[in-house]
Amino acid sequence: MTAALDAMKAAQTYAIDKTHSEVAFQVRHLLTKVRGRFTGFAGTVVFDLEHPGQSSASLTIDASSVDTGTPDRDTHLRSDVAMII
């Protein structure tokens, strides 16, 4: 039982579950709000129960996986020009 308690005290690392997670955004463009998401992402969360301030998260987003539901806009956002702006 002590080993189980020690394991619970140690920092635990969790992978972000893409099935139950989403990386989404909303921006204003002229008079409308544009919503979108990134379909390519991965990350981890390290939770330290004993030292919560030392917990951390890491997220990597594939910018080319942007999806706003508008193919022309998505093509522009994936272009080199959009990456400079």
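In this note's numbering, the protein residues as written are 15 to 99. Even glycine gets a Cβ: it sits at the ideal position worked out from N, Cα and C.
Remark: fewer than three beta-carbon pairs, one from each stretch, lie closer than 8 Å, so the segment 38-45 and the segment 57-66 are not flagged as touching.
Rounded to whole angstroms, the gap between the alpha carbons of Leu45 and Ala25 is 46 Å. DSSP lists no bridge partner for Lys32.
The continuous alpha helix (DSSP H) containing His90 extends over residues 85-92.
For Thr53, no beta strand (DSSP E) encloses it, and the DSSP letter there is neither H nor E.
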